[in-house]
Amino acid sequence: MGGARPGMEGCSMSTPTGAIALRPPRRAGWAIRWPRPSWGGLLRGAGRVLLGVIVAILIAVAFSAVARVQTRTLPAVTGTASVGRVELALRDSGRIDPFASDGRTRELAVWIWYPAIKGASVATASYLPPAWANSLNDGLVSQDLNAIRTNSYENAHLQGSPPVVVLMPGLGQPVARYSALAEDLASHGYAVVGVNPTESIPVFFPDGHQVPATASGEVDENLATNVPGWYVAAARVTKVWAADAAFVAGALAKSPPAIGALNFSHVAYIGHSLGGAASFEACRQDPHCAAAVDLDGTLWTDVRHVGLTAPSLLVQHADTGACDAFCQPARTDFATVKAAGNDRQFVIAGSTHMNFSDVGLMYGPVYHALGVLGSIDADRMTAITRNLVRTFLDEHILGVPAGAFPATIARYSELHEQ
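According to my numbering, the sequence shown holds residues 3 to 420 in order.
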């Protein structure tokens, strides 16, 4: 059959009828044997893969459960003074709380870090009171805030009459999230008066009572694509925070805290994110303001149009994307502020928004993957922020001769002036 098709090699034509009898080829290698699926084997293989994934997840969860509760101590302070911390409550009896619906007057939980006399036998201050810490602990992949150790001592004796720096947190954060910066400033002789914005976050007061957050104390996330609407909403909250900062400074100047009198003759306002915007606005309104620092905060209020007469410092995270609809007006506003007066502006390479808080110093294995934190080393970022802010304040609050601030700028290659 000369040109027989493949598969016909076993044909026999010897029958009288010429019928074709097909037999499988006898030579090995000629037949293609398609294996039949073994569903049992496939299921066993899939089961082994699934089991491996489950085991890996359980190991990761177990590791995280242990790692998140390991003791972590905030970076050591760089100044010579010991650091005290006291918590108190102040009520603004002349102002109805704009974030509350029951017409009550505004009450604020205030934390003060300050230079303390060494040698007093007092307890180390917790990072946050347990109830507050537990309310913020959000799962196995983030730091248990009860495991953070501070460099501060509860109610230690005040050393001298230190100049005041009013500290405002970012939206959604307690002022404790900036303890590394506050402690370091206190070790160099400043009294850092931290204000927790009631109703913008859940706040726990020294007597144990709690005031929850309210929608009116926050900025509606549904406005994230509505630039004009977001500006209006953010400005509303910022103005309340600026009034909080001004009230606290005025109240403590008139009636000193139990630890002793503080020096309010040259006040500085500093803050992160919306707290930075509030700090600039508070400085604009306070004739005693000698300096203001905005750590990565967009400006929402009138200060964006007129700037400051007091020296100001604006530090931003590294922008890795295109300038979007929020970025464009912010750049215009920053240029206006810079042109209006004695303003210095810097970007810290490798940083993102939350690098300006204590978050980078804590356990959080997913923060970098999610873009919450940038590539910069957390201790390096802390050192840059501490030194940049302190030397700026030293020059404008303490009157230290110019030199340390330029030296700080030259010391860190991550700092880029704008």
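We put the beta carbon where it would ideally sit given N, CA and C, even for glycine. Values in this document were obtained by computation on a predicted structure and should not be read as measured data.
In whole angstroms, what separates the C-alpha of G231 from that of L225? Mapped onto the sequence shown, residue 231 falls at position 229. Mapped onto the sequence shown, residue 225 falls at position 223. Answer to the nearest angstrom: the Cα atoms are 6 Å apart.
Which whole-angstrom value is the C-beta distance of T303 and T240, which I expect to be below 8 Å? As a position in the sequence shown, residue 303 is number 301, starting the count at 1. As a position in the sequence shown, residue 240 is number 238, starting the count at 1. Yes, they are in contact, since the Cβ atoms of T303 and T240 sit about 5 Å apart, within 8 Å.
Pull up the distance between the alpha-carbon of E109 and that of C329, whole angstroms please. Reading the sequence shown from its first residue, position 107 is the one you call residue 109. Reading the sequence shown from its first residue, position 327 is the one you call residue 329. Going by the C-alpha atoms only, they are around 34 Å apart.
Own chain partners of V71 with C-beta closer than 6 Å, once the 5 adjacent residues on each side are dropped: What you label residue 71 is simply residue 69 of the sequence shown in a count that begins at 1. Result list for V71: D146 and A149, in chain order.
Quick one: give me the first and last residue of the alpha helix (DSSP H) that D381 is part of. Taking the sequence shown and counting its residues from 1, one reaches residue 381 at position 379. Counting along the chain, the alpha helix (DSSP H) containing D381 begins and ends at A380 to L395.
Using CA atoms only, rank isn't needed, just tell me which of E156, T75, F407 and A111 is closest to W134. The residue labelled residue 134 in the question sits at position 132 within the sequence shown. Answer by Cα proximity: A111.
Bridge-paired residues (DSSP) for G348: Position 346 of the sequence shown holds residue 348. The identity of residue 348 in the sequence shown is Phe, whereas the question assumes Gly. F348 is bridged to V317 and E419.
Residue span of the alpha helix (DSSP H) that contains I456, given as start and end: Look at the range of the chain in this structure, 3 to 420, and you will see that residue 456 is not part of it.
In the DSSP output, what is I399 paired with across the bridge? Here residue 399 refers to the residue found at position 397 when the sequence shown is read from its first residue. DSSP output for I399 lists no bridge partner at all.
May I ask you to report which of helix, strand or coil DSSP gives Y271? Taking the sequence shown and counting its residues from 1, the one referred to as residue 271 is at position 269. The answer is strand: DSSP assigns Y271 an E or B state.
Where R306 falls, given that 16 or more other Cβ within 10 Å makes a residue buried: For the purposes of this step, residue 306 is taken as residue 304 along the sequence shown, with counting starting at 1. Classification for R306: buried.
Would you give the residue range spanned by the alpha helix (DSSP H) that L90 belongs to? Stepping through the sequence shown from its first residue, residue 90 is reached at position 88. Element bounds for L90: not the alpha helix (DSSP H) but the beta strand (DSSP E), S84 to I98.
Contacting residues, own chain, Cβ-Cβ under 7 Å from A184 (five flanking each side not counted): Mapped onto the sequence shown, residue 184 falls at position 182. Excluding sequence neighbours, A184 sits near W115, L169, V194 and G196.
What are the start and end residues of each continuous alpha helix (DSSP H) run of 4 or more residues lying completely inside the segment 249–299, in chain order? 276–287
Leaving out five residues on either side along the sequence, give the residues of the same chain with a beta carbon under 6 Å from the beta carbon of L130. Taking the sequence shown and counting its residues from 1, the one referred to as residue 130 is at position 128. Closer than 6 Å at the Cβ level, and outside the excluded window around L130, lie L147 and A178.
Inter-residue spacing [alpha-carbon to alpha-carbon] between R404 and R286: Here residue 404 refers to the residue found at position 402 when the sequence shown is read from its first residue. Here residue 286 refers to the residue found at position 284 when the sequence shown is read from its first residue. Per the sequence shown, the amino acid found at residue 404 is Ala instead of Arg. The straight-line gap from Cα to Cα measures roughly 24 Å.
Three-way DSSP call (helix, strand, coil) for F101 in this model: Residue mapping note: residue 101 aligns to position 99 of the sequence shown, counting from 1. The answer is coil: DSSP assigns F101 none of H, G, I, E or B.
Taking contact to mean at least 3 C-beta pairs separated by less than 8 Å, is the segment 340–358 in contact with the segment 383–395? yes
Say whether the segment 273–293 touches the segment 241–257, bearing in mind that this needs 3 or more beta-carbon pairs closer than 8 Å, one atom from each stretch. yes
Hey, could you find the ends of the alpha helix (DSSP H) P132 is sitting in? Counting from 1 along the sequence shown, the entry for residue 132 is found at position 130. Start and end: P132 to L138.
Check whether I261 and V368 have beta carbons under 8 Å apart: Your numbering for residue 261 matches position 259 in the sequence shown. Your numbering for residue 368 matches position 366 in the sequence shown. No, they are not a contact pair.
What is the C-beta distance between P117 and A83, in whole angstroms, given that I count them as a contact (C-beta under 8 Å)? For this step, residue 117 is matched to residue 115 along the sequence shown. For this step, residue 83 is matched to residue 81 along the sequence shown. With 8 Å as the limit, P117 and A83 qualify as a contact, their Cβ atoms being about 4 Å apart.
Report the rounded CA-to-CA distance for A312 versus N344, giving the unit in angstroms. If you number the sequence shown from 1, residue 312 lands on position 310. If you number the sequence shown from 1, residue 344 lands on position 342. Approximately 7 Å between the Cα atoms of the pair.
Pairwise C-alpha distance: K340 and V295: Reading the sequence shown from its first residue, position 293 is the one you call residue 295. Reading the sequence shown from its first residue, position 338 is the one you call residue 340. If I take the Cα positions, the gap works out to 13 Å.
With 16 other Cβ atoms within 10 Å as the buried cut-off, status of L372: Position 370 of the sequence shown, counting from 1, holds the residue named residue 372. Exposed, since its Cβ has fewer than 16 Cβ neighbours within 10 Å.
Under a Cβ-count criterion, where at least 16 other Cβ atoms within 10 Å of its own Cβ denotes burial, should G96 be classed as buried or exposed? Locating residue 96 in the sequence shown gives position 94, counting from the first residue. Burial call: exposed.
With burial defined as no fewer than 16 other Cβ atoms inside 10 Å of the residue's Cβ, what is the status of S359: buried or exposed? The residue given as residue 359 occupies position 357 in the sequence shown. S359 is buried by the Cβ-count criterion.
In three-state DSSP terms, what is T75? Within the sequence shown, the letter at position 73 stands for residue 75. In this structure, T75 counts as strand in the three-state DSSP scheme.
Are A263 and L395 close, meaning C-beta to C-beta below 8 Å? Working through the sequence shown from its first residue, we reach residue 263 at position 261. Working through the sequence shown from its first residue, we reach residue 395 at position 393. The answer is no: Cβ separation not under 8 Å.
If the criterion is Cβ atoms closer than 8 Å, does the pair G362 and A342 meet it? As a first step, residue 362 is located in the sequence shown; it is residue number 360 there, counting from the start. As a first step, residue 342 is located in the sequence shown; it is residue number 340 there, counting from the start. Result no, Cβ atoms of G362 and A342 do not sit closer than 8 Å.
Quick check on this structure: which residue in A235, L315 and L173 has the alpha carbon closest to the alpha carbon of H398? Along the sequence shown, one-based indexing puts residue 398 at 396. Of A235, L315 and L173, the smallest CA-CA separation from H398 is found for L315.
For A409, I'd like the list of residues in its chain whose CB is within less than 8 Å of its CB, leaving aside the five on either flank, ordered along the chain. Numbered from its first residue, the sequence shown carries residue 409 at position 407. Cβ neighbours of A409 beyond the five flanking positions: T393.
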